[in-house]
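>
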Amino acid sequence: MIRPADLKDEDIWNILSASREGELEKVKQLISRRPELVHFVYNYTPPIHFAVREGHLDIVRFLLDLGADPTYRTYPFQDSLLTMAQDRGHHEIAEHLLEILSLRFPIMEGLAGFLDAARNGDLARVQSELERNPNLARVSNDTGDTALHQAAAGGHLQIVTALLDAGAHADAVRADGVRPINCALDQGDGKSALLAGVLLERGAAYNIYLAAVLGDGVYVRDALLRDSALSNFEDTSHRRPISAAARRNDLGMVKLLLDHGADPSLPEEGAPLGQALWTAVYQKQHDMAKLLLEHGANPNTAPESSGSVLLHAQKDPELLRMLLKYGAQDNSGDLDSFQRLVSDNALADVERLLIEHPELSRQASAFWGEGILSEPANQGNREMLELLLRHDARVPDVSKWGRYYYFKHDEISALLLQNGMNPNHMNWHHVTLLHDMAQEGDLRKARLLLDYGADINAVDEEYRSTPLGFAARWGQREMVALLLARGADPNKSGAPWATPLAWAQKKGHSDIEADLRRAGAR
Numbered sequence: 001m002i003r004p005a006d007l008k009d010e011d012i013w014n015i016l017s018a019s020r021e022g023e024l025e026k027v028k029q030l031i032s033r034r035p036e037l038v039h040f041v042y043n044y045t046p047p048i049h050f051a052v053r054e055g056h057l058d059i060v061r062f063l064l065d066l067g068a069d070p071t072y073r074t075y076p077f078q079d080s081l082l083t084m085a086q087d088r089g090h091h092e093i094a095e096h097l098l099e100i101l102s103l104r105f106p107i108m109e110g111l112a113g114f115l116d117a118a119r120n121g122d123l124a125r126v127q128s129e130l131e132r133n134p135n136l137a138r139v140s141n142d143t144g145d146t147a148l149h150q151a152a153a154g155g156h157l158q159i160v161t162a163l164l165d166a167g168a169h170a171d172a173v174r175a176d177g178v179r180p181i182n183c184a185l186d187q188g189d190g191k192s193a194l195l196a197g198v199l200l201e202r203g204a205a206y207n208i209y210l211a212a213v214l215g216d217g218v219y220v221r222d223a224l225l226r227d228s229a230l231s232n233f234e235d236t237s238h239r240r241p242i243s244a245a246a247r248r249n250d251l252g253m254v255k256l257l258l259d260h261g262a263d264p265s266l267p268e269e270g271a272p273l274g275q276a277l278w279t280a281v282y283q284k285q286h287d288m289a290k291l292l293l294e295h296g297a298n299p300n301t302a303p304e305s306s307g308s309v310l311l312h313a314q315k316d317p318e319l320l321r322m323l324l325k326y327g328a329q330d331n332s333g334d335l336d337s338f339q340r341l342v343s344d345n346a347l348a349d350v351e352r353l354l355i356e357h358p359e360l361s362r363q364a365s366a367f368w369g370e371g372i373l374s375e376p377a378n379q380g381n382r383e384m385l386e387l388l389l390r391h392d393a394r395v396p397d398v399s400k401w402g403r404y405y406y407f408k409h410d411e412i413s414a415l416l417l418q419n420g421m422n423p424n425h426m427n428w429h430h431v432t433l434l435h436d437m438a439q440e441g442d443l444r445k446a447r448l449l450l451d452y453g454a455d456i457n458a459v460d461e462e463y464r465s466t467p468l469g470f471a472a473r474w475g476q477r478e479m480v481a482l483l484l485a486r487g488a489d490p491n492k493s494g495a496p497w498a499t500p501l502a503w504a505q506k507k508g509h510s511d512i513e514a515d516l517r518r519a520g521a522r
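Per UniProt numbering, the sequence shown starts with residue 1, numbered consecutively.
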């Protein structure tokens, strides 16, 4: 495991490392001094991730007893802890997790195919499976996800109806608090209200948050007249009516909620200091932003991975002045100011600063430690990239989100490789870009990496697998063919359970299994 350059908290690094290495006494010592470390995450990764991954049952039990989340899913691959344990043959850990999770959810193992069918709109398969086993409508996977959640998220009315007719619980609550009606409304398209209506008719509970999402002003007004405390109601999805009203640009409803005592700075999902003000600023709703600030909205709110309100107000002088007046903290130093200019594509200003301060192009901490080239690469801004490259900016060999920043666009990917980007660029778990492209099934970018010399048989730390193993695990048959044709070793892995053939067998990809056997896989 590579220590990321931006991980400055020594205790967080130590507990992640100790959980990985199986050092129970060290884990206990660290947590006795800082109990919050049980829940700390770096790059969405908590200590229990490593304890389960490496098979340390004693640490897994200890962390779970202290409140570690058994429904955590890995980033970015979204494996549950149970899946992680089962894939690696950590049977005692898997049994312990299943025992805990079964107390919360009606778990049925092997449900992934049925959930996929519901999400993808495969009505024939859903109906066939329900005829065989109607109980499929009522069960969930190990994080509480049901077929009804998936069908609602996919906008598939016929499947939603079929599942409800078979006995699906209209208000099943997933581990993250999300109900099927939340999944339906989050789509924000023409089907959302229709799907929500069906779910409400079949038993989903209505509340003031949902009313705010749907613009049901009469319900919101009547609810507040009955109980003004409902202005701060928190939905099971951990969202509040004032943020829903702000998203709809409904100034009248926002004012009504504030007049009845809504606190716009209460924590919400992904927004510990409130979401409403950020939404108003992001949508350039000046009157709403002013109203929220007058009612105590925290001017420094910065929802996860979304940037601060101050950042989003930079191009709007009126909003910027307003936020600073109400106490927004502008802590930007020279590097932050430079990053802002890069993000804004201010070519002349960036070049002037680079001439005056050439070290700015080589700051390892730029853009959350991803490098100064990451943001223009993400934006597909070739002009800015070429300017920075001329001033010796380079892509770091390790980043957290390289696949999403540096390798988001085909043309930009090629430009960066042409200018010295390491074709074996990886994240802190040794997952290379070729692993990522194999998992995604992106043939064009995989060929590009191979043409520039990417290691076709590199083994990562998360899955102990080569890119071929990733392709086999995620059912990318064309990618399997490409990698085999380019010389991938069909038997290479970092563990017996992680060979390409083992992944194809475990995940039920019989066609890939046959291809691998023909290529000599054992």
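Ideal Cβ placement from N, Cα and C applies to all residues, glycine included. The model shown is predicted, which means the values in this text are computed figures rather than measured ones.
So, Val395 versus Met421, is the Cβ gap smaller than 8 Å?
Yes. Within cutoff.
> If I measure Cβ to Cβ from Arg221 and keep anything under 8 Å in the same chain, skipping five residues before and after, which residues do I get?
Excluding positions up to five away in sequence, the list reads Leu256.
> So, does the CB of Pro47 fall closer than 8 Å to a CB anywhere in chain B?
As a matter of chain content, chain B is missing from the structure shown, which is built from one protein chain.
> By the 10 Å Cβ neighbour count, where 16 or more other Cβ atoms means buried, how is Ala366 classified, buried or exposed?
Buried, because 16 or more other Cβ atoms sit within 10 Å of the Cβ of Ala366.
> Which ranges would you report for the alpha helix (DSSP H) in the segment 271-314 if only whole runs of at least 4 residues count?
With a minimum length of 4 residues, the continuous alpha helix (DSSP H) runs that stay inside the segment 271-314 are 276-282, 286-294, 309-312.
> Can you grab the Cα-Cα spacing for the pair Asp186 / Leu214, in whole Å?
Those two C-alpha atoms are separated by around 11 Å.
> Bridge partners of Glu268, per DSSP?
Answer by DSSP bridge pairing, in chain order: Ala271.
> Tell me the DSSP secondary structure of Arg73 in three-state form.
Correct three-state label for Arg73: strand.
> Where Gln329 and Asn300 are concerned, what is the direct C-alpha to C-alpha distance, given to the nearest angstrom?
Their Cα atoms are separated by approximately 7 Å.
> Does the distance from the C-beta atom of Pro467 to that of Leu483 stay below 8 Å?
Their beta carbons are under 8 Å apart, which means Pro467 touches Leu483 by this criterion.
> To the nearest angstrom, how far is the alpha carbon of Leu103 from that of Thr146?
Going by the C-alpha atoms only, they are around 16 Å apart.
> From Asn345, Gly167, Glu10, Phe338, pick the residue whose C-alpha is nearest to that of Leu353; which is it?
For the residues Asn345, Gly167, Glu10, Phe338, the minimum Cα distance to Leu353 belongs to Phe338.
> Could you name the residues that DSSP lists as bridge partners for Val398?
Answer is Met426, bridged to Val398.
> Quick check on Tyr42: does DSSP put it in helix, strand or coil?
Correct three-state label for Tyr42: strand.
> Can you list, in chain order, the residues of its chain with a C-beta nearer than 6 Å to that of Arg125? Leave out the 5 residues immediately preceding and following it.
Same-chain partners within the cutoff: Ala117.
> Taking 8 Å as the threshold, find out whether the segment 148-155 comes into contact with the segment 165-177 through three or more Cβ pairs.
Counting Cβ pairs under 8 Å, three or more are found: they touch.
> What is the rounded straight-line gap between the Cα of Pro46 and the Cα of Phe40?
When rounded, the distance between both Cα atoms is 6 Å.
> Can you name the residues that DSSP bridges to Ile107?
For Ile107, which the question treats as bridged, DSSP gives the partners Ser140.
> Between the segment 426-437 and the segment 382-394, do at least 3 Cβ pairs fall closer than 8 Å?
With a cut-off of 8 Å, the segment 382-394 and the segment 426-437 do not count as touching, because too few Cβ pairs lie within range.
> Give the straight-line distance between the Cα atoms of Asn381 and Met437, rounded to the nearest whole angstrom.
Approximately 22 Å between the Cα atoms of the pair.
> Indicate whether the contact test is met: 3 or more Cβ pairs, each with one atom in the segment 292-299 and one in the segment 313-321, closer than 8 Å.
The segment 292-299 is not in contact with the segment 313-321.
> Among residues of its own chain, excluding the 5 on either side of Gln314, which ones have a beta-carbon nearer than 8 Å to its beta-carbon?
Excluding residues within five positions, the ones whose Cβ falls inside 8 Å are Leu320, Arg340, Asp344.
> For Gly144 and Phe105, I'd like the C-alpha separation in whole angstroms.
If I take the Cα positions, the gap works out to 6 Å.
> Return the first residue and the last residue of the alpha helix (DSSP H) that Asp58 is part of.
It spans 57-65 - the alpha helix (DSSP H) in which Asp58 sits, taken as one unbroken run.
> Please report how far the alpha carbon of Ala212 lies from the alpha carbon of Ala246, in whole angstroms.
Whole-angstrom Cα-Cα distance: 9 Å.
> Among Gly402, Ala153, Met253, Ser231, which residue has its Cα nearest to the Cα of Gly121?
Nearest of Gly402, Ala153, Met253, Ser231 to Gly121, Cα basis: Ala153.
> Which residues does DSSP list as the beta-bridge partners of Thr432?
Beta-bridge pairing links Thr432 to Met426.
> Taking Ala137 and Leu163 to be in contact with their CB atoms under 8 Å, please state how far apart those CB atoms are, rounded to whole angstroms.
Rounded, the Cβ-Cβ distance is 5 Å, consistent with contact.
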